[in-house]
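Colleague: Numbering-wise, the sequence shown is residues 1 to 222 according to full-length UniProt numbering. Glycine included, each C-beta is placed from N, C-alpha and C at the ideal position. A quick note: this is a predicted structure, and the numbers were derived from the prediction, not measured.
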Amino acid sequence: MVLNDIVSIMVLIPLERSENLILAFCEKLTKAPGPKLGVVCLRALWLLFKSLDDSSPMRYPVYYHLLQIAKQTDSVKMVYQDIQQLKQQFANCPPSSEQLQKLYRLLHEVLLKCNQSEQAALVMIELLGTYTDKNASHAREDAIRCIVSALAEPNTFLLDPLLDLKPVRFLEGELIHDLLNIFVSENLTVYLKFYKDHKEFVTSQGKLIIISFTFFIFKDTI
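#1: So is residue 13 buried or exposed if we call it buried at 16+ other beta carbons inside 10 Å?
#2: Given residue 112, which residues of its chain have a CB within under 7 Å of its CB, disregarding the five upstream and five downstream residues?
#3: Helix, strand or coil: how does DSSP classify residue 165 here?
#4: Tell me whether the beta-carbon of residue 83 lies closer than 8 Å to the beta-carbon of residue 39.
#5: Are residue 127 and residue 105 closer than 8 Å when you measure CB to CB?
#6: Which same chain residues end up closer than 6 Å to residue 116 when comparing Cβ atoms and leaving out the 5 residues on each side of it in sequence?
#7: Which of helix, strand or coil does DSSP assign to residue 34?
#8: For residue 50, does the three-state DSSP call read helix, strand or coil?
#9: Just the Cα atoms here: how many angstroms apart are residue 29 and residue 133?
#10: According to the neighbour-count rule (16 or more other Cβ atoms, all chains shown, within 10 Å of its Cβ), is residue 31 buried or exposed?
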């Protein structure tokens, strides 16, 4: 196959000469029309990723483009297993904090699109863990997405640890933080009052309403 042949040639070229070629190749493949051709390009790019040296800084941009194609083709399972495996793949050339945050945001989007909500929530928790005391205040949108993702899977995750994440602490006083506290330590009666007082907010969270009722009914019977 032509794409595989191109990959075989590129990995033989020294990094200082191949960097721009690899980036151009990735950009080209992300523009493949249609899911069928998209999967073909995904496989070629996956081959490139696996063929690069474990310490190559090009692994990050290649994997980022892989996720873009996976999102277009609903094929995330071809390139992502779980968060631990992902960390291992970059162990010898770790991305910067900014790169990792960008990668996790995209991965979260891809997993949601591919109906992998449980994995998506785990990725958001990892994302918030990349922030420090110095920049946690800038993670507001990420923190909100993390809480919403976790609340969408309340029977799967221990929600208490979310309250200790630095970016989540900066949401104290906001409705989403109040809702998280209710899930952690309150019951259906308290939730129903919150829902009555903030119906528009809860309604804006979509399927969270149905999940909430089910969660609290189950919780109150334990």
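Modeller: In brief:
#1: On the sequence shown, position 13 is the one that residue 13 refers to. Here residue 13 is exposed. Its C-beta has fewer than 16 other C-beta atoms within 10 Å.
#2: Walking along the sequence shown from the start, residue 112 turns up at place 112. Excluding sequence neighbours, residue 112 sits near 120.
#3: The sequence position of residue 165 within the sequence shown is 165, counting from 1. DSSP places residue 165 outside both helix and strand once states are collapsed to three, so it counts as coil.
#4: On the sequence shown, position 83 is the one that residue 83 refers to. On the sequence shown, position 39 is the one that residue 39 refers to. Going by C-beta atoms, residue 83 is not nearer than 8 Å to residue 39.
#5: On the sequence shown, position 127 is the one that residue 127 refers to. On the sequence shown, position 105 is the one that residue 105 refers to. Result yes, Cβ atoms of residue 127 and residue 105 sit closer than 8 Å.
#6: Start at 1 with the first residue of the sequence shown, and residue 116 comes out as number 116. No residues qualify anywhere along the chain.
#7: The residue you call residue 34 lines up with position 34 of the sequence shown. Note: residue 34 maps to coil in three-state DSSP.
#8: To locate residue 50, count along the sequence shown from 1; it is residue 50. For residue 50, the secondary structure class from DSSP, reduced to helix, strand or coil, is helix.
#9: The sequence position of residue 29 within the sequence shown is 29, counting from 1. The sequence position of residue 133 within the sequence shown is 133, counting from 1. Roughly 39 Å separates the two Cα atoms.
#10: Taking the first residue of the sequence shown as 1, we reach residue 31 at position 31. Counting Cβ neighbours within 10 Å, residue 31 comes out exposed, since fewer than 16 surround it.
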